[in-house]
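Numbering (mature numbering (1 follows the signal peptide of the UniProt record, and there is no 0)), first residue to last: -19 to -1, 1 to 46. This report refers to the structure that appears directly beneath it.
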């Protein structure tokens, strides 16, 4: 997980610089924190959403029968 987080941050910052922008420590820190929040959200809520969708699909099929 740490490698993918760092690689994502690196590639994002690389693209930002290659587009002609200047990076600052504040931008790097903010982006790193954003990716940390997104990683937590995706790790917890995305699997839960898939589970709820599967349960809803089963419930709808039961109602149709």
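Virtual Cβ for every residue (Gly too), placed ideally from N, Cα, C.
In terms of residue numbering, what span does the alpha helix (DSSP H) encompassing residue i cover?
i, result
"residue 2", "That residue, residue 2, is in no alpha helix (DSSP H); it is neither H nor E in DSSP."
"residue 9", "6 to 45"
Closer than 8 Å by C-beta to residue i: which residues in its own chain qualify, once you throw out the five before and the five after it? Chain order, please.
i, result
"residue -3", "4"
Under 8 Å, Cβ to Cβ, is there at least one residue of chain D near residue i?
i, result
"residue 36", "The question asks about chain D, but that chain is absent: this structure has only one protein chain."
In its own chain, which residues sit with a C-beta less than 7 Å from the C-beta of residue i, not counting the 5 before and 5 after it?
i, result
"residue -10", "none"
At the level of alpha carbons, what is the spacing between residue i and residue j?
i, j, result
"residue 38", "residue 24", "22 Å"
Within the same chain, show all residues whose beta-carbon is closer than 6 Å to that of residue i, passing over the 5 residues directly before and after it, in chain order.
i, result
"residue 44", "none"
"residue 17", "none"
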